[in-house]
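Asker: One structure coming up, written as structure tokens, with questions to follow.
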Amino acid sequence: MAVKYTWCRRGTVSTLALIMVAGTVGTVGPARAAGPDSRVAAPVRISVTSATNSLASKSVVVNCPAGQRVHGAGGEITGGGGNVTLDDITPSLTLTTVLVTGVENGAYAGNWNVTGYAICGVDTLNLQRVHFTGPANSVTPKSVFAGCPSGLRLYGLGAELNGASGNVFLDDLTPNAALTGATLTGYENGAFAGNWSVTGFAICGNPSANMVRQAVTSAAASPVAASVTTAACPAGTRVHGVGAELNGALGGVVIDDLRPNVGLPTSTATGAENGAFAGNWTVTAYAICSA
110 MAVKYTWCRR GTVSTLALIM VAGTVGTVGP ARAAGPDSRV AAPVRISVTS
160 ATNSLASKSV VVNCPAGQRV HGAGGEITGG GGNVTLDDIT PSLTLTTVLV
210 TGVENGAYAG NWNVTGYAIC GVDTLNLQRV HFTGPANSVT PKSVFAGCPS
260 GLRLYGLGAE LNGASGNVFL DDLTPNAALT GATLTGYENG AFAGNWSVTG
310 FAICGNPSAN MVRQAVTSAA ASPVAASVTT AACPAGTRVH GVGAELNGAL
360 GGVVIDDLRP NVGLPTSTAT GAENGAFAGN WTVTAYAICS A
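Following my numbering, the residues of the sequence shown are numbered contiguously, the last one being 400.
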């Protein structure tokens with residue numbers, strides 16, 4: 110059943126019809142009753158970086174170690190200068206890998222690479238990947254909400270642009286404050302006649318002790334690029350998932366960096382203007398912290 114919402118984007122006067130479309134839920138490992146789980150081991154960050162060259166599209170696959178599962182996912186473009194967008198940050202259905210893709214927006218002669226990040230941990234959380242795909246058309250912007258099943262909480266998230274071919278930018282990968290789901294939004298970069306859609310991913314599991322969302326927003330300005338890092342996770346917790354949100358960018362800025370940092374104390378998000386953009390915009394970084 111399709112459920113329609115009206116959602117107001119921060120910093121804009123337009124409203125956005127948010128379509129939630131039934132998606133596929135995958136469960137890894139034996140189901141257990143929801144509730145705090147004291148057996149959650151500290152996660153680790155795994156990364157893979159592509160070759161550096163001027164190919165128009167590059168993908169990497171990050172594999173979790175044997176016996177571990179994906180708790181969260183991220184990606185980073187290096188050398189793109191705002192001309193390359195993250196097109197896929199996709200945890201696999203089995204939560205064993207993460208696919209990250211970067212795509213050039215038009216012709217770009219520079220050399221660049223893409224890095225994929227997987228936050229991997231032991232499989233003791235009744236982890237599930239939930240995904241929702243919105244309608245395929247030429248309407249901009251589009252959002253989907255990927256919500257966790259009742260009683261479970263959000264550990265990580267991801268998004269995928271379908272049919273965008275570098276002409277649509279991920280604008281929001283936003284975990285909600287209650288950690289029950291995430292909003293994923295795409296904006297066309299200028300006029301794009303093609304049909305495209307957004308798929309949002311939520312990685313959900315049994316609630317763990319001290320789960321909290323950290324968020325920090327950069328200063329309002331019109332910079333060429335802006336980067337911001339969250340406050341450190343509370344004592345006894347680490348980053349399990351990361352998110353980013355562009356505010357006021359309206360398709361003129363790419364998310365260049367969505368990165369869990371080494372040791373998983375914080376996350377960093379970076380926005381980079383795609384050519385000249387006169388508007389003021391900010392970037393918000395999110396970290397999902399858990400024991």
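Just so you know, even glycine gets a beta-carbon here, dropped at the ideal spot from N, CA and C.
Kindly identify the DSSP beta-bridge partner or partners of His240.
Answerer: Counting from 1 along the sequence shown, the entry for residue 240 is found at position 131. Looking at the DSSP assignment, His240 forms a beta bridge with Phe310.
Asker: Going by DSSP, what residue range makes up the beta strand (DSSP E) through Ser259?
Answerer: Here residue 259 corresponds to residue number 150 of the sequence shown, with the count starting at 1. Segment: none, Ser259 is in no beta strand (DSSP E) and carries neither H nor E.
Asker: If I measure Cβ to Cβ from Ala396 and keep anything under 7 angstroms in the same chain, skipping five residues before and after, which residues do I get?
Answerer: Position 287 of the sequence shown, counted from the start, is the residue given in the question as residue 396. Here the set comprises Gln323, Thr339, Cys342, Val348, Val351, Thr375 and Ser376.
Asker: Report the CB separation of Thr194 from Gly219 in whole angstroms; it is logged as a contact under 8 angstroms.
Answerer: Here residue 194 corresponds to residue number 85 of the sequence shown, with the count starting at 1. Here residue 219 corresponds to residue number 110 of the sequence shown, with the count starting at 1. No, Thr194 and Gly219 are not in contact; Cβ-Cβ is about 14 angstroms, not under 8 angstroms.
Asker: CB-CB under 6 angstroms to Ala142, same chain, minus the five flanking residues each way: which ones, in chain order?
Answerer: Counting from one through the sequence shown, the residue named residue 142 turns up at place 33. Low confidence applies to Ala142: its pLDDT is 37, below 50, so where it sits in the model is not reliable, and the reading given next is rough at best. Counting only Cβ-Cβ distances below 6 angstroms, and skipping sequence neighbours, we find nothing.
Asker: Give a yes or no on whether the C-beta atoms belonging to Leu279 and Ile198 are separated by under 9 angstroms.
Answerer: For this step, residue 279 is matched to residue 170 along the sequence shown. For this step, residue 198 is matched to residue 89 along the sequence shown. A contact, by the Cβ cut-off of 9 angstroms.
Asker: Ala287: buried (16+ other C-beta within 10 angstroms of its C-beta) or exposed?
Answerer: Residue 287 sits at position 178 when you count from the first residue of the sequence shown. Looking at its Cβ environment, which holds fewer than 16 other Cβ atoms inside 10 Å, Ala287 is exposed.
Asker: Ignore the nearest five residues each way along the sequence and tell me which others in Gly144's own chain have a CB closer than 7 angstroms to its CB.
Answerer: Along the sequence shown, one-based indexing puts residue 144 at 35. Residue placement at Gly144 cannot be trusted, given a pLDDT of 39 that sits under 50; what the coordinates show is reported in the next sentence. Counting only Cβ-Cβ distances below 7 angstroms, and skipping sequence neighbours, we find Asn315 and Pro316.
Asker: Under 6 angstroms Cβ to Cβ from Ile155, same chain only, skipping five residues before and after it: list those, please.
Answerer: To locate residue 155, count along the sequence shown from 1; it is residue 46. Val171, Ala227 and Cys229, listed in sequence order.
Asker: Helix or strand or just coil, what does DSSP make of Val371?
Answerer: Position 262 of the sequence shown holds residue 371. Coil, per DSSP.
Asker: Anyone know if the C-beta pair for Ala330 and Ala291 falls short of 9 angstroms?
Answerer: Translated into positions along the sequence shown, residue 330 becomes position 221. Translated into positions along the sequence shown, residue 291 becomes position 182. In this structure, Ala291 does not lie closer than 9 angstroms to Ala330 by Cβ.
Asker: If you draw a straight line from the C-alpha of Arg238 to the C-alpha of Tyr264, how long is it?
Answerer: Position 129 of the sequence shown holds residue 238. Position 155 of the sequence shown holds residue 264. For Arg238 and Tyr264, the distance between alpha carbons rounds to 10 angstroms.
Asker: Near Cys398, what residues of its chain come up, given a Cβ to Cβ distance below 8 angstroms and the 5 sequence neighbours on each side ignored?
Answerer: Here residue 398 is taken as the residue at index 289 of the sequence shown, counted from 1. Asn319, Met320, Val321, Arg322, Gln323, Cys342, Pro343, Thr346, Arg347, Val348 and His349, listed in sequence order.
Asker: Excluding sequence positions up to five away, which residues of its chain have a Cβ less than 6 angstroms from the Cβ of Asn162?
Answerer: In the sequence shown, counting from the first residue as 1, residue 162 sits at position 53. Counting only Cβ-Cβ distances below 6 angstroms, and skipping sequence neighbours, we find Asn220.
Asker: Buried or exposed, going by whether 16 or more other CB atoms sit within 10 Å of the CB of Val307?
Answerer: Within the sequence shown, numbered from 1, the residue matching residue 307 stands at position 198. When all chains shown are included, Val307 counts as buried.
Asker: Cα-Cα, which of Ser259, Asn271, Ala151 and Gly267 is closest to Thr206?
Answerer: Against the sequence shown, residue 206 aligns to sequence position 97. Of the listed residues, the one whose Cα sits closest to Thr206 is Gly267.
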